[in-house]
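In my numbering, the protein residues as written are 1461 to 1837. One structure is given here, and the rest of the page talks about it.
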Ligand code: SF4
């Protein structure tokens, strides 16, 4: 069981908070799609004989691709990989790109999950984030996705914008939950250096909400989502039973995956590799079949840190049986020691043979996870 991720790096307009690898859509789009197709072929043995159970087309903005361009990428994957019939196939979409015809086209390609980048139902928030769409377009898009027959729909929201309150979040969640949405990804705004919001922060034009407000928002988000029937299965992700993201869960459960496209990452159990981040250079290197990625072999310590970092963010936590089986006694004892003090403070708990964050622990998950990191030998 493995996954394939395809990174489409183009956007029509850049959002003020975004620090993903993306560029404004240009004439390079066609060359980039051709290069992605070629990369799929070049790397047809990357996952060995594993069959594929999830495909995720992300970005950037994949919904800038026409149905024909999407079809070409899927056909290339089907040609070179064995894709299971019941695979989860996700496409990320921006609300103002999609209409009935487009969505029917995606359905005809066996896409069975849409991740809709709504971010907020409030026009002032959308403007601050420099999103292309407004709330009216988001409503139309979500209705269209439902009408097109998609059952597995995920909505992305961003909360914790400057000056935002619990009431603002409540309104965003109420509107989201008034539709038959099966999954919610809700990310607290992080203002990164170099982004438009980062520059506004530096010159004092905006300020970040404080830790106490952030904690209150997070607590409200979890409570409200759970009350609406969602399971909080990862710090930023909530799913109705049976609708957790299989692709993203694969990342958190050390499932192998191949990422294609500029800046995409891959993992084969022993190493990670990441493609070059510059579109033009990526296209040239793929066409010349020269090194288009960097690679790092993962030593035991790094694999341990990655395992702890990802598993603690999930409802499954650190599985002590797994740690005992895969790592040394030193790592096992270390986990028992470090988790002990957090358990005393009610920030972690033991369930069966797993160590998990409690609700209080989740609020300061980053700080707790940092304490678990072991220094490489
Ligand atoms: S659409 Fe997504 S990838 Fe593109 S700029 Fe906005 S947040 Fe970034």
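Where a beta carbon is used, it is the ideal one built from N, C-alpha and C, also for glycine. In this text, all values refer to a predicted model and were calculated from it rather than measured experimentally.
Relative to the alpha-carbon of residue i, which residue among the options has its alpha-carbon at the smallest distance?
i            : options                   : result
residue 1759 : 1752, 1771, 1745 and 1732 : 1732
residue 1845 : 1730, 1704, 1477 and 1621 : This structure cannot speak to residue 1845, because the chain is shown only from 1461 to 1837.
residue 1615 : 1623, 1634 and 1624       : 1634
residue 1814 : 1657, 1800 and 1547       : 1800
residue 1702 : 1545, 1711, 1691 and 1823 : 1691
residue 1566 : 1556, 1729 and 1550       : 1550
residue 1560 : 1608, 1518, 1571 and 1569 : 1608
residue 1771 : 1688, 1753 and 1795       : 1795
residue 1699 : 1719, 1637 and 1715       : 1637
residue 1789 : 1809, 1776, 1764 and 1688 : 1764
residue 1834 : 1785, 1775, 1767 and 1479 : 1767
residue 1569 : 1597, 1610 and 1595       : 1610
Could you spell out where the alpha helix (DSSP H) holding residue i opens and where it closes?
i            : result
residue 1746 : 1739-1748
residue 1615 : Residue 1615 -> not in any alpha helix (DSSP H); beta strand (DSSP E) instead, spanning 1612-1619.
residue 1658 : 1656-1662
residue 1682 : 1671-1687
residue 1792 : 1789-1804
residue 1573 : First-last for residue 1573: 1573-1579, but that is the beta strand (DSSP E), not the alpha helix (DSSP H).
residue 1776 : Careful: residue 1776 lies outside any alpha helix (DSSP H) and carries neither H nor E.
residue 1807 : Neither: residue 1807 is in no alpha helix (DSSP H) and is coded neither H nor E.
Could you check whether the Cβ of residue i sits closer than 7 Å to any heavy atom belonging to ligand 1?
i            : result
residue 1492 : no
residue 1867 : Residue coverage of the chain in this structure runs from 1461 to 1837, which leaves residue 1867 outside it and unanswerable.
residue 1664 : no
residue 1655 : no
residue 1521 : yes
residue 1482 : yes
residue 1620 : no
residue 1577 : yes
residue 1474 : yes
residue 1747 : no
residue 1554 : yes
So, for residue i: in the same chain, excluding its five sequence neighbours on each side, which residues have a beta-carbon less than 8 Å away from its beta-carbon?
i            : result
residue 1540 : 1500, 1501 and 1504
residue 1564 : 1608
Short of 7 Å in beta carbon distance, which residues of its chain neighbour residue i, apart from the five on each side in sequence? Order them along the chain.
i            : result
residue 1628 : 1582
residue 1737 : 1481, 1722 and 1723
residue 1696 : 1645, 1646 and 1647
residue 1640 : 1606
residue 1485 : 1470, 1471, 1472 and 1524
residue 1675 : 1823
residue 1424 : Residue 1424 falls outside the range modelled here, since the chain spans only 1461 to 1837, and no answer is possible.
With DSSP run on the structure shown, which of helix, strand or coil describes residue i?
i            : result
residue 1513 : strand
residue 1769 : helix
residue 1426 : The question about residue 1426 has no answer here: the residues shown for the chain are numbered 1461 through 1837.
residue 1752 : coil
residue 1822 : helix
residue 1651 : coil
residue 1492 : helix
residue 1530 : helix
Which residues mark the beginning and the end of the beta strand (DSSP E) in which residue i is found?
i            : result
residue 1546 : 1543-1553
residue 1781 : No beta strand (DSSP E) holds residue 1781; the alpha helix (DSSP H) holding it covers 1780-1786.
residue 1637 : Run containing residue 1637: none in the beta strand (DSSP E); it sits in the alpha helix (DSSP H), 1626-1637.
residue 1646 : 1643-1648
Tell me which same chain residues have a C-beta within less than 6 Å of the C-beta of residue i, skipping the five on either side of it?
i            : result
residue 1491 : 1743
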